[in-house]
Amino acid sequence: MDRHSHQKPQVYQQIYLLSSWLVKSENQKEEEGEAQAVIIGGMVLDIHAIPSIPPNPRTTVPGKVRYAAGGVARNIAECVSKLGTKPFMISALGSDIAGNMLLEYWKSTGLSTEGIRMGNEIQTPVVSIVFDTEGESAAAVASVESLEQFLTPKWIQQFKSNISSAPIVMVDANLSPLALEASCQLAAEVGTPVWFEPVSVAKSRRIVSVAKYITFTSPNEDELIAMANALSPKHTFSPIQKEASTITSLFQQLKPAISILLEKGIKVVILTLGSKGVLLCSKKHFNFLHSICPKRNNNNKRLQEAINLVCPVGRFSGGGGGGVVHFPAVSLAAVVRLTGAGDCLVGGVVASVCGGLDLMQSVAVGIATAKAAVEVETNVPLQFDFDHIAEDARSVYLGAKVVFSQSML
5 MDRHSHQKPQ VYQQIYLLSS WLVKSENQKE EEGEAQAVII GGMVLDIHAI
55 PSIPPNPRTT VPGKVRYAAG GVARNIAECV SKLGTKPFMI SALGSDIAGN
105 MLLEYWKSTG LSTEGIRMGN EIQTPVVSIV FDTEGESAAA VASVESLEQF
155 LTPKWIQQFK SNISSAPIVM VDANLSPLAL EASCQLAAEV GTPVWFEPVS
205 VAKSRRIVSV AKYITFTSPN EDELIAMANA LSPKHTFSPI QKEASTITSL
255 FQQLKPAISI LLEKGIKVVI LTLGSKGVLL CSKKHFNFLH SICPKRNNNN
305 KRLQEAINLV CPVGRFSGGG GGGVVHFPAV SLAAVVRLTG AGDCLVGGVV
355 ASVCGGLDLM QSVAVGIATA KAAVEVETNV PLQFDFDHIA EDARSVYLGA
405 KVVFSQSML
């Protein structure tokens with residue numbers, strides 16, 4: 005008998021006990037239920053045309069054409085999932101080639117398909133994008149009408165229990181005005197905060213009927229101006245001068261529009277500025293998440309531990325109310341494609357907020373996640389390197405500055 009034989013009964017017993025613990029733990033999780041971020045909006049098949057030389061009108065140029073799983077809400081949900089926070093997706097797909105591709109990819113992630121409406125009468129949304137040689141969109145055509153037609157209030161209302169237990173509900177502006185209003189009202193009834201993602205300048209104006217329900221919104225400069233004009237028809241906010249050299253001068257141009265959104269009851273405006281970073285704007289104290297998002301959980305230990313180690317909690321806890329904080333972009337990003345950056349920024353913030361990080365840490369993670377997205381061909385990276393995310397979040401977090409006080413809003 006070899007020396008390992010005496011250990012076998014003990015090893016078997018340990019394996020049995022470990023298996024029993026895992027089963028018990030899994031059953032307990034199922035009984036207790038895990039709070040999931042609810043994401044409502046578009047699942048889209050993207051067709052990316054990437055030229056090898058600058059594209060010209062009225063002729064073809066050599067390059068590559070690729071399919072990619074896309075859609076603002078879908079991209080955000082996938083990003084949230086890959087950062088360790090489970091999303092529950094509510095959307096609509098056709099029973100066609102594009103829809104089946106998107107559904108199979110979603111199933112491969114292990115996420116629930118319960119909220120995804122399927123049907124032969126639905127035409128799966130498709131967006132065709134032609135890029136320039138710098139990775140920016142040069143032209144695009146979106147066929148997403150079926151989202152408005154089939155992602156209906158009636159379909160969304162079936163998932164009231166999911167919305168009720170969610171730490172946050174994210175809606176994208178691809179929803180019809182009726183579906184947007186139904187989603188936001190439902191969330192308000194059950195005390196779940198709402199994140200409004202504007203999608204585009206034209207669709208961002210749909211915020212008018214739901215502004216009073218919105219907790220978070222994440223426009224770029226042009227969407228911010230469009231939203232402010234829609235919410236305050238007596239005023240006219242003009243497009244900004246993008247050559248503004250400093251954050252101070254940029255904020256001075258944008259301050260009236262930001263103020264309109266905050267006066268309409270929106271708690272947090274996360275204004276994306278591309279290579280200039282992000283402006284986080286709020287009239288409330290920046291440590292208010294525990295009261296505004298009471299259903300957050302601490303299940304995302306991996307993200308929490310990675311970020312708490314390098315981004316100390318409470319760096320901005322001093323002082324009185326809110327104001328405006330500027331977060332720089334991550335330098336040295338090797339840009340491949342820019343289409344998924346904004347969605348992954350939102351996904352990074354949502355995953356972090358749901359997972360128990362504070363608002364400042366969450367924005368830093370969002371910017372780090374966006375940097376990871378621009379360095380890959382797909383809209384969302386196949387996986388995130390948590391060490392790299394933490395390293396980039398640290399540089400953003402330590403570079404953040406409170407540049408304006410609440411009294412200036």
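Take 5 as the starting number for the sequence shown in this note's numbering and just add one per residue. Here a beta-carbon is modelled for each residue, glycine too, at the ideal position from N, C-alpha and C.
**Report entry** Below-8 angstroms beta-carbon distance, T156 vs any chain D residue
**Finding:** No chain D is present in this structure, which holds just one protein chain.
Item to check | Backbone secondary structure at N233 - three-state DSSP | outcome: N233: helix per DSSP, three-state reduction.
Item checked: Test item: CB-CB of V175 and C188 under 8 angstroms -> The answer is yes: Cβ separation under 8 angstroms.
Discussion item. Three Cβ pairs or more, each shorter than 8 angstroms: is that satisfied between the stretch 71 to 80 and the stretch 153 to 164?
Written reply: Flag = no, the stretch 71 to 80 and the stretch 153 to 164 do not touch.
Check: Can you check whether the CB of V272 is closer than 8 angstroms to the CB of T219?
Finding: With contacts defined as CB atoms closer than 8 angstroms, T219 and V272 qualify as a contacting pair.
Which stretch, first to last residue, makes up the beta strand (DSSP E) that contains H52?
Run containing H52: V48 to P55, per the beta strand (DSSP E) assignment.
### Alpha-carbon spacing of A338 relative to D362, whole angstroms
Roughly 28 angstroms between the two C-alpha positions.
Kindly indicate which residue of A96, I264, P58 and H392 has the alpha-carbon position closest to the one of L151.
Scanning A96, I264, P58 and H392 for the CA closest to the CA of L151 turns up A96.
Discussion item. For G351, count the other beta carbons within 10 Å of its own beta carbon; 16 or more makes it buried, fewer makes it exposed. Which is it?
Written reply: The Cβ neighbour count for G351, taken over all protein chains shown within 10 Å, is at least 16; the residue is labelled buried.
Review point. Under three-state DSSP, which class holds A394?
Key: In this structure, A394 counts as helix in the three-state DSSP scheme.
- Task: State the CB to CB distance for the pair N304 and G370, rounded to an integer number of angstroms; the pair is presumed to be in contact (CB under 8 angstroms).
- Result: 14 angstroms between Cβ atoms; not a contact.
Worksheet entry | With 16 other Cβ atoms within 10 Å as the buried cut-off, status of D347 | Burial call: buried.
Practice task
Please classify F220: does DSSP put it in a helix, a strand, or coil?
Solution key: Under the three-state reduction of DSSP, F220 is assigned to strand.
*asked:* Is it buried or exposed, T373, if we count other Cβ atoms within 10 angstroms and call 16 or more buried?
replied: Its Cβ being crowded by 16 or more others within 10 Å, T373 is buried.
For this session: Pick helix, strand or coil for L258, following the three-state DSSP scheme.
Result: L258 falls in the helix class under three-state DSSP.
- Task: Would you tell me roughly how many angstroms separate the C-alpha atoms of M105 and T252, rounded to the nearest one?
- Result: Distance between M105 and T252, taken at the CA atoms: about 46 angstroms.
query: Excluding sequence positions up to five away, which residues of its chain have a Cβ less than 8 angstroms from the Cβ of L266?
result: The beta carbon of L266 is closer than 8 angstroms to those of V273, C285, S286, K287 and L413 in its chain, skipping five residues each way along the sequence.
Q.
So, under 8 angstroms CB-CB, L342 and V378 are touching, yes? Tell me the CB distance rounded to an integer number of Å.
A. The beta-carbon separation of L342 and V378, rounded to 6 angstroms, stays under the 8 angstroms limit for a contact.
For T276, which of helix, strand or coil comes out of DSSP? In the structure shown, T276 falls within a strand segment according to DSSP collapsed to helix, strand and coil.
query: Anyone know if the C-beta pair for I126 and G98 falls short of 8 angstroms?
result: At the C-beta level, I126 and G98 come within 8 angstroms of one another.
Could you check whether the stretch 42 to 55 touches the stretch 127 to 134, counting it as contact only if at least three pairs of C-beta atoms, one from each stretch, sit closer than 8 angstroms? Touching, per the Cβ criterion.
Helix, strand or coil for E140? Go by DSSP, reduced to three states. For E140, the three-state secondary structure derived from DSSP is coil.
Where G281 falls, given that 16 or more other Cβ within 10 Å makes a residue buried: With 16 or more other Cβ atoms within 10 Å, it is buried.
Would you please state the rounded distance, in angstroms, between the beta carbons of A177 and K207? I believe it to be under 8 angstroms. Contact flag correct, Cβ pair sits at about 4 angstroms.
Buried or exposed: where does N60 fall if 16 or more other Cβ atoms within 10 Å of its Cβ makes it buried? That one is exposed.
ask   = alpha helix (DSSP H) containing S132: first to last residue?
value = Premise fails: S132 lies in the beta strand (DSSP E), V130 to F135, not in any alpha helix (DSSP H).
Under the DSSP definition of a beta bridge, which residues are partnered with I44?
BP columns for I44 point to I94 and V175.
Residue range of the alpha helix (DSSP H) that C358 falls in?
Taken as a continuous stretch (DSSP letters only), the alpha helix (DSSP H) holding C358 covers A345 to C358.
Backbone CA spacing between V317 and Q365 [nearest angstrom] = Those two C-alpha atoms are separated by around 8 angstroms.
- Query: So the alpha helix (DSSP H) L283 belongs to, where does it begin and stop?
  - Reply: Not the alpha helix (DSSP H): L283 falls in the beta strand (DSSP E), residues V282 to S286.
Around the Cβ of A143, are there at least 16 other Cβ atoms within 10 angstroms (buried) or fewer (exposed)? Exposed: under 16 other Cβ atoms inside 10 Å.
From P66 to E140, what distance separates their C-alpha atoms? In a straight line, the C-alpha of P66 is about 17 angstroms away from that of E140.
_Strictly by DSSP, which residues pair up with K68?_
Its beta-bridge partners are I54.
From what residue to what residue does the beta strand (DSSP E) around G123 run? Where G123 is concerned, the enclosing beta strand (DSSP E) stretches over I120 to G123.
- Item | Per-residue burial, R70 [other beta carbons within 10 Å of its own, 16 or more giving buried] | Residue burial is scored here from C-beta neighbours: R70 has fewer than 16 other C-beta atoms within 10 angstroms and is therefore classed as exposed.
Under a three-way DSSP split, which group does E82 fall into? Looking at E82 - three-state DSSP - the assignment turns out to be helix.
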